[in-house]
Structures are given as structure tokens and as C-alpha cells.
Amino acid sequence: MPQRMNDIYLLAIESSCDDTSAAILHNGKVLANMVAGQAVHEEYGGVVPELASRAHLQNIVPVVDAAIKKAGIKKTKLSAIAFTRGPGLIGSLMVGVSFAKGLALALGIPMIEVNHMKAHVLAHFIDEPRPQFPFLCLTVSGGHTQFVLVRDYLDMEVIGKTHDDAAGEAFDKSAKLLGLPYPGGPLIDKYAQLGDADKFQFGKPKMDGLDLSFSGFKTSVLYLVQNNKQKDPDFATKNLNDLCASIQKHIIDMLMEKLILAVEQTGVTDVAIAGGVSANSGLRNALHEEGEKRGWNTFIPKFEYCTDNAAMIGITAYYKFLKGEFVGHDVTPVARYVI
Ligand code: KG4
Ligand code: ZN
169 MPQRMNDIYL LAIESSCDDT SAAILHNGKV LANMVAGQAV HEEYGGVVPE
219 LASRAHLQNI VPVVDAAIKK AGIKKTKLSA IAFTRGPGLI GSLMVGVSFA
269 KGLALALGIP MIEVNHMKAH VLAHFIDEPR PQFPFLCLTV SGGHTQFVLV
319 RDYLDMEVIG KTHDDAAGEA FDKSAKLLGL PYPGGPLIDK YAQLGDADKF
369 QFGKPKMDGL DLSFSGFKTS VLYLVQNNKQ KDPDFATKNL NDLCASIQKH
419 IIDMLMEKLI LAVEQTGVTD VAIAGGVSAN SGLRNALHEE GEKRGWNTFI
469 PKFEYCTDNA AMIGITAYYK FLKGEFVGHD VTPVARYVI
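Everything in the sequence shown is counted per our numbering, starting at 169 for the first residue and increasing by one.
Structure below.
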């Protein structure tokens, strides 16, 4: 069992989707955070679960080794091993969980299980500035879109969410309709910077309260592209920048409208964004501008902590370690795991 509470070395592993990542933290400070992406999915227009698990199996040992080397520590220094238990692709999660079990057993140290969505929120505690509790976090990733009321490190409540597609999926599926490879979110962001965001309009669904829906939007992008392609087969290519700018603006407007409502309903004015889509330049600007206008304290993660990374798993595990929240070797991954 871990020795001193002031000398905590954690190895954290993230393998929930298509990035294999390992991080080393010392007393909550990141010493190394290595990420190996998986280009294998590009041509399929989305993550292929079976290919993702196989790539994790190939990547996990070198990625963990690289993290340990970068941190300049010996494995025997480790106090515990943390891993993403869910939500995510079950085969991908299985690789991280099994690896953590094997190494924890070999080193005789405890394990800490981490909820990936909580970890996205707690990425804000890797560096300064840190939000004060309570704060609101709009967590926008490839699989989730949630408005989270964060009362404490491990005390969070989802107060609104999407009923269908996540914001990341809205980006990726729109990009696919425009003929862009997976993941399309970063490409839409890039082309949007050169386009006219008011050129194309899309319908907005009427969703009550803090809930959202992106499926109608996706259909309206599909119809726009299909109808125009009948007249001009090169429509998407010729209008790529304007289409990307309009799609991005529409998704951001939908998110910001509900975020403003979340602040009004809760009275909480410390507002953060997290998850892969928080890397989007338009969303980052929108939060910054809205915050200035409305007197919010806004928190935007560093780029490397927006998309999937093991540093966020490590920081979450650090707070669980302090509370003694370890798990036994009977732990299993879970595809659906609510906050
Ligand atoms: O959090 P994340 O790395 O993985 C999940 O937990 O899902 O999020 C991945 C999502 C993808 O949908 C990707 O297209 C999107 O984040 N994404 C972006 C940007 N960077 C990543 N979407 C829009 N603009 C970006 N710059
Ligand atoms: Zn994620």
C-alpha cells in the first residue's frame, strides 16, 4: 500500500476510443503525457471498434514505456495505476483495464478506476487557472454532450444533455457529408476560418430546458448537400469554406444558447468547456466573448488536454487516491458509465 501521502506517483492509462495514452503524475503534477493516435480509422469515416482494440494492443506497451522514460522514474516508484473504466468502446477499454491489472499485480500496488467524462471535466485541475466550486462545465466530445454542475472534484451532476448525437458527432458526420476524412471536427475548424458563417442556414430543433438534439441538424446538412449536388456535383468542394463556417457557427450557437440558459438556471458564473470539441477555435472564442459580455469567469483547457489524454485520467485518480478510492482485481470495463 502507498507509503506517504506527499509522495504519490501515479501511472494513468486512457484507452476508451481511438487514442492510446499514458501519463505519469507526481503529487498531481504531470511529468509525462504520451498519446498515440490511430490513423487506421481515417478511410472508414469513423472509429472501427475492432481495429481500435487491435491498435491499442500494439500501442499500449510502447506508450507506457515512453511515459515512464519521459518522467524519468522507475516503475517501482509507482504508488497506484489508474485506468479509464468507461464510458467507451468495450474492446478498447478492455485493453487498458487488463494492462492495468497485470502491472498492478506485478508491482503489488492498488488500482484506481476513472470515469472518462469526469476526467474531461477535471482536466481543468491539471494546470492553473483552476475553476472554483461550484462551476458549470460544458463537456463536448465525440460521444457525449453534457452540461455538468461540478460541486466538488468527485461530486458532479449532469443537468442537461443531448438526446441523440454528440456535438463531436455533429462535426464528424457533417464533415463526412462534405467528403472530409475522419475525424472531421478539426478540419471543419480549419476551413471555417476562411469561410462566411452566414452563407448557409440550418433548422434549430425546439428542445426544452438544457437538453439538445443534433439529429435534425445532421439531416438538414445532408439535404442541403444532396439537393445542391444535383445541380452542381462539385457543390461541396466549391463551397467548402462557407459550408464549414456555417456548420460550425450553427453547432456553436446551439451549444452557447443552452450554456447561457444553464448559467441563468443555476446562478453559477464560473463556466468551463471540456472534451475534444473544446479544441474548436470558434467555441473557444464564443465562450471567451460571451464570458466578457456577461461577467462570467471562463475556463478553456490547453489543447493537449481537450482531446483524449491520460493526464486527465491521472488528475482524477489523484483526487480518488487522496480519498482512498481503490478497486479490486474483479473490476470490469463498462461501455456506458454515467457521471
Ligand atoms: O474527447 P475526444 O477526444 O474523444 C471522445 O471522448 O469522444 O473528442 C473527439 C471529438 C471528435 O468528434 C473530434 O472531431 C472533435 O472531438 N474535435 C473537434 C476539434 N478537435 C477535436 N471538433 C471541432 N473542432 C475541433 N478543433
Ligand atoms: Zn473523450
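Don't be surprised by glycine CBs; every beta carbon is placed ideally from N, CA and C. Here the structure is a predicted model, which is why all the values come from computation and not from measurement.
Contact annotation, V308 with G352: C-beta distance approximately 15 Å; criterion of less than 8 Å not satisfied. Distances from the CB of G352 to the heavy atoms of ligand 1 include at least one below 8 Å. With fewer than 16 other beta carbons inside 10 angstroms of its own, D233 counts as exposed. Runs of the beta strand (DSSP E) spanning 3 or more residues and lying entirely within the segment 412-443 occur at 438-442, in chain order. Pairing L380 with T313 gives a Cβ-Cβ distance under 9 Å. C-alpha of K406 to C-alpha of K397: approximately 11 Å in a straight line. Here P299 is buried: its Cβ has 16 or more other Cβ atoms, across all protein chains shown, within 10 Å. In the DSSP annotation of this structure, the continuous segment of the beta strand (DSSP E) that includes A204 starts and ends at 197-204. Boundaries for V502: no beta strand (DSSP E) harbours it, and the DSSP string shows neither H nor E there. Taking 8 Å as the cut-off, one finds at least one heavy atom of ligand 2 near enough to the beta carbon of G311.
In the assembly as shown, M173 is an exposed residue. Its beta-carbon has fewer than 16 other beta-carbons within 10 Å.
M279: member of the beta strand (DSSP E) spanning 279-283, first to last residue. Cβ contact annotation for P469 (same chain, cutoff 7 Å, sequence separation greater than five): A291, H292, A442, S446, in chain order. Assigned with DSSP and collapsed to three states, L451 falls in helix. The nearest non-hydrogen atom of ligand 1 is less than 8 Å from the C-beta of V445. Ligand 1 never approaches I441 closely enough for any of its heavy atoms to be under 8 Å from the residue's Cβ. Beta-bridge partners assigned by DSSP to Y177: H194. Of the candidates V326, P217, R319, T500, the residue whose Cα lies closest to the Cα of L306 is V326. Counting along the chain, F403 sits inside no beta strand (DSSP E); it lies in the alpha helix (DSSP H) bounded by residues 403-406. Within its own chain, the residues whose Cβ lies closer than 8 Å to the Cβ of S221, once the five positions on either side in sequence are excluded, are L257, G259, S260, M262, V263, listed in chain order. The beta carbon of Y359 sits closer than 7 Å to the beta carbons of L408, N409, C412 from its chain, once the five residues preceding and following it are set aside; these are given in chain order.
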